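Structure, as structure tokens:
Residue numbers (this note's numbering): 1 to 209.
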């Protein structure tokens, strides 16, 4: 027997419709106010769809380049490399030799498109070691700042998941690697050192004649 909403059952049908809407909406709209805590482990948005395998039209840029002084903060730019826009993101930093434990701390964003979250790893609570979106509005650029661990002298990489829509997203897209050093390498300085070495060797050879 086909069911229909008669006058006597209008209230019941309305309640049932509202309940179904509550169940369906999350799978359609994803997580409009930021990545869920469950996304920390594999950096997927938990939408129920598989990630894209094509090259991402979005990238995480490090304006300062591949060398940063120890303990200095790093500015990040999450941006589109085309006319595409993204609605959501989740970004964390990792040591190049450990892709399971996010490191460092993100600073409070000046950009109202971003907010901070803490992702645990190895049963240890993280502290503001991830950043995600505040709404599912379209974005082409998000600015962030990240502070490395104290006295960190390793090589870090930023991994970002970009969400274009509920069904289209790219996980763990990588930035360039960033080396934290005591002194920034300089090509001119290196060249001067080479010439100084050659002069010293030539002088020593002359004195030994």
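Beta carbons are placed, not taken as given, at the ideal position from N, Cα and C, and that holds for glycine.
Given the structure is predicted, the values throughout are model-derived calculations rather than measurements.
| Check | Outcome |
| --- | --- |
| Buried versus exposed, by CB contacts within 10 Å (16 or more), residue 144 | buried |
| Cut-off 7 Å between Cβ atoms - residues of its own chain near residue 168, not counting five sequence neighbours on either side | 52 |
| Residue 110, buried or exposed, once every other Cβ within 10 Å from all chains shown has been counted against 16 | exposed |
| Span separating the alpha-carbon of residue 102 from that of residue 38 | 15 Å |
| Beta strand (DSSP E) segment containing residue 174, residue limits | 168-174 |
| For residue 138 and residue 147, the rounded distance between their alpha carbons | 27 Å |
| Spatially closest choice to residue 164 from 69, 76, 59, by CA coordinates | 59 |
| Distance between beta carbons of residue 173 and residue 162, contact taken as under 8 Å | 6 Å |
| Close Cβ partners of residue 185 (< 7 Å) along its chain, the five nearest in sequence each way excluded | 67 |
| Within 9 Å, strictly: CB atoms of residue 93 and residue 159 | yes |
| Residue 108 classed as buried or exposed, judged by whether at least 16 other C-beta atoms fall within 10 angstroms | exposed |
| Per DSSP, the bridge partner or partners of residue 125 | None, per the DSSP bridge assignment. |
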